[in-house]
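Take a look at the structure below.
In the numbering used here, the protein residues as written are 8 to 777.
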């Protein structure tokens with residue numbers, strides 16, 4: 008488990024049945040025979056009157072833990088299932104030391120957990136629990152005051168032998184409704200020495216949730232290590248704050264905010280945050296940062312529509328930079344507010360903003376309270392009338408997956424490759440029916456690669472992200488040049504809630520190998536993957552396949568090698584990561600790689616060594632090697648193409664030694680720790696073009712030089728028009744946005760891999776021509 012680095016800061020698809028929502032292909036299947044039914048097995052009533060606290064807590068206490076071996080007897084379960092009903096609880100439900108488990112309701116509109124206890128309490132508390140999932144439930148405070156619905160707070164460390172705490176990470180909360188005047192819908196994090204360990208409570212994916220009338224925050228994050236909260240397709244309705252962040256960070260995608268009584272986004276400290284593809288209306292304020300400081304915080308706003316703001320649009324009084332791309336921003340109702348962005352600080356610093364292709368109703372929207380503001384403005388337009396409605400926005404939001412009853416092939420305990428392959432062949436014959444091969448709790452040993460034949464439309468589903476459902480190689484079998492699962496395209500394939508390979512077994516070529524999936528318009532969606540593989544993502548020789556890797560912190564090792572058309576600049580293949588790990592990256596032969604909104608830390612001293620050809624864009628990141636100093640953390644060698652490093656914290660510096668390569672390099676809004684002259688190791692090449700803009704440096708020695716965060720002077724090399732260079736270098740980045748997993752035409756590949764663990768294979772997931 009990872010221990011978070013604490014950086015010292017200078018201050019202390021049938022859908023919800025809401026018409027108009029985008030039709031997604033993801034679906035809900037269950038309950039399966041291996042799940043524990045809260046009514047049938049534990050006597051919960053779910054009648055809206057009786058107190059079901061004891062029954063639900065008993066079910067939670069009985070969840071299997073494959074690490075401590077608790078509750079691992081025959082009939083063990085890792086999923087608690089709540090059929091439709093209203094379940095009254097009077098005390099906090101506690102998940103303590105849980106790992107790889109699930110608590111799932113039938114339908115968020117019909118499965119309600121209702122609070123009948125006192126005020127100032129928590130409905131569900133996860134303490135020292137990891138890799139768990141909560142979904143398809145309504146959480147109703149029932150009018151009680153100061154109620155937290157779901158609290159992810161690691162408060163203490165323990166190990167008693169049959170119980171232990173785990174660093175809380177890789178958590179999903181999806182398809183939940185938070186109502187009844189909750190104080191906070193979801194709250195995560197602790198502060199060391201105050202209310203907990205101050206560690207983790209991180210890598211939390213929140214999908215398709217509704218936060219209605221929360222009196223504090225729909226989502227509330229606090230603690231320096233409460234990081235990587237990825238928030239997708241959520242609705243925040245009439246909350247005081249939509250997302251409230253104190254010292255951690257978050258990244259919101261395609262979220263809808265209406266009527267926030269103070270602000271949609273509220274930050275106190277917080278390294279780098281982003282909101283992308285969102286819609287806000289009728290808020291008092293859009294994004295508000297508390298306080299004024301010399302901190303190099305970063306705020307990123309991309310492709311948002313904001314209308315009918317009452318008082319304050321963006322308030323940001325720190326020396327970091329704001330990045331505005333492709334937003335539509337209407338005028339503020341308060342006519343005294345003439346500006347859209349208010350920035351500045353009392354600190355002596357260089358104030359800059361990068362603003363590209365925004366539409367403002369205001370005439371002069373960007374303002375600095377502390378002297379000049381250097382504006383890199385490209386394609387912005389002013390005095391526009393912003394005409395936008397929520398109904399139009401709902402058409403791009405992902406819907407709550409519908410419950411679907413499919414043909415289920417249950418894999419018997421102890422089945423070998425031959426038996427499992429027979430079930431796969433039977434399922435593959437059911438064209439267009441999306442049958443399920445289901446594995447319950449247990450371990451299956453494979454002596455031969457499982458083959459999913461071309462033309463399939465099937466699903467492999469287990470009972471949890473890690474340790475619950477495990478497929479390993481039989482130790483007597485040789486998989487050095489073979490995958491555990493080989494999927495042949497074109498096919499429609501879903502793989503969910505499985506562990507593929509043991510965490511110490513590197514004698515496997517790949518956990519999953521996809522071949523012949525490179526048809527035009529084909530897509531592969533990878534979500535919440537935990538990988539111990541040397542190379543988590545291997546992409547070789549492709550020209551068309553769109554790969555999106557989301558919410559996957561533990562997926563270092565990305566190899567991207569373009570196909571014949573891609574090398575000529577004619578292919579459409581690309582890898583786009585939103586919360587997907589970027590470390591240990593190789594891009595060659597015109598490949599294209601984009602990564603946004605992910606933290607990296609670890610033992611590797613230089614996690615990015617870039618050489619090859621193509622396009623690379625990293626936007627919103629922390630790169631924090633253990634024991635970092637002023638030496639280079641990022642090294643760029645001979646690279647023909649474009650590299651953007653933007654909105655980042657880097658512990659160390661950047662070294663560039665391009666030789667004769669044609670490198671176009673943009674650095675924007677980077678804060679360098681430990682290196683006060685961060686461009687010292689950047690060499691100029693005869694065919695290179697650099698723009699090094701908007702950066703800061705700071706160090707922590709008790710010297711005069713380390714007294715303040717400093718602004719690094721902007722620098723460019725062989726560039727006559729800086730704005731044109733920025734526009735060209737960022738064109739690929741700005742042209743793509745997250746894609747919903749959806750139905751595609753017949754004859755192409757449509758792949759979905761979600762909440763899957765890869766053991767220590769040579770490759771986690773590979774995509775090749777053959």
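Note that beta-carbon positions come from the ideal geometry of N, C-alpha and C, so glycine has one too. Values in this document were obtained by computation on a predicted structure and should not be read as measured data.
Residues that DSSP places opposite residue i in a beta bridge
i	result
residue 696	671
residue 545	566 and 773
residue 413	DSSP, once it has assigned bridges, lists no residue as partnering residue 413.
residue 147	121 and 186
residue 678	656 and 703
residue 288	265 and 314
residue 44	88
residue 95	58 and 121
Beta-carbon proximity list for residue i, same chain, < 8 Å, skipping 5 on both sides
i	result
residue 511	766 and 767
residue 4	This structure does not reach residue 4, given that the chain is present from 8 up to 777, and the question cannot be answered.
residue 440	413, 414 and 464
Closest by C-alpha distance to residue i, when choosing among the options
i	options	result
residue 2	82, 123 and 74	An answer regarding residue 2 cannot be provided, because it is not within the stretch 8 to 777 covered by the chain.
residue 259	247, 629, 245 and 234	234
residue 285	329, 299 and 333	333
residue 356	340, 186, 380 and 417	380
residue 254	261, 244, 231 and 241	231
residue 612	757, 267, 396 and 661	661
residue 604	614, 622 and 626	626
residue 702	696, 690 and 717	717
residue 562	577, 553, 585 and 572	585
residue 680	697, 638 and 720	638
residue 194	245, 361 and 250	250
residue 607	623, 622, 600 and 640	640
residue 729	361, 406, 534 and 426	361
residue 349	170, 371, 57 and 145	371
Residue burial classification, residue i (beta-carbon count within 10 angstroms, cutoff 16)
i	result
residue 214	buried
residue 8	Low local confidence applies: a pLDDT of 33 at residue 8 is under 50, so the model's placement there is unreliable, and no value is given.
residue 503	buried
residue 421	exposed
residue 3	For the chain, the structure presents residues 8 to 777; residue 3 sits outside this window and is missing.
residue 80	exposed
residue 742	exposed
residue 790	No answer is possible for residue 790: it lies beyond the span of the chain, which begins at 8 and ends at 777.
residue 760	buried
residue 688	buried
residue 634	exposed
residue 388	exposed
residue 125	exposed
residue 700	buried
residue 161	buried
residue 589	buried
residue 200	exposed
residue 312	buried
residue 167	exposed
residue 85	buried
residue 621	buried
residue 724	exposed
residue 129	buried
Cβ-based neighbour list, residue i, same chain, cut-off 6 Å, excluding 5 preceding and 5 following
i	result
residue 110	87 and 141
residue 574	596 and 597
residue 618	644, 645 and 646
residue 771	518, 538, 540, 543 and 765
residue 566	542, 545 and 593
residue 1	Lying outside 8 to 777, the shown extent of the chain, residue 1 is not represented and no answer is given.
residue 210	176, 177, 235 and 560
residue 674	652 and 699
residue 610	633
Below-8 Å beta-carbon distance, residue i vs any chain C residue
i	result
residue 531	You won't find chain C in this structure, because it holds only one protein chain.
Beta-carbon proximity list for residue i, same chain, < 7 Å, skipping 5 on both sides
i	result
residue 811	Residue 811 falls outside the range modelled here, since the chain spans only 8 to 777, and no answer is possible.
residue 568	546, 547, 548, 595, 596 and 598
Residue i: CB within 7 Å of a non-hydrogen atom of the ligand SAH
i	result
residue 380	No copy of the ligand SAH occurs in the structure displayed, which carries no ligand at all.
Segment contact flag, the stretch 459-479 with the stretch 716-734, C-beta cutoff 8 Å, min 3 pairs: no
Using a Cβ distance threshold of 8 Å, determine whether the stretch 137-151 contacts the stretch 469-476, with at least three qualifying pairs required. yes
Stretch-stretch touch, CB-based, cutoff 8 Å, three pairs: the stretch 484-492 with the stretch 450-460: yes
Count Cβ pairs between the stretch 748-762 and the stretch 668-677 that sit closer than 8 Å; are there 3 or more? no
Does the stretch 31-42 come within contact of the stretch 431-440, defined as at least 3 CB pairs closer than 8 Å? no
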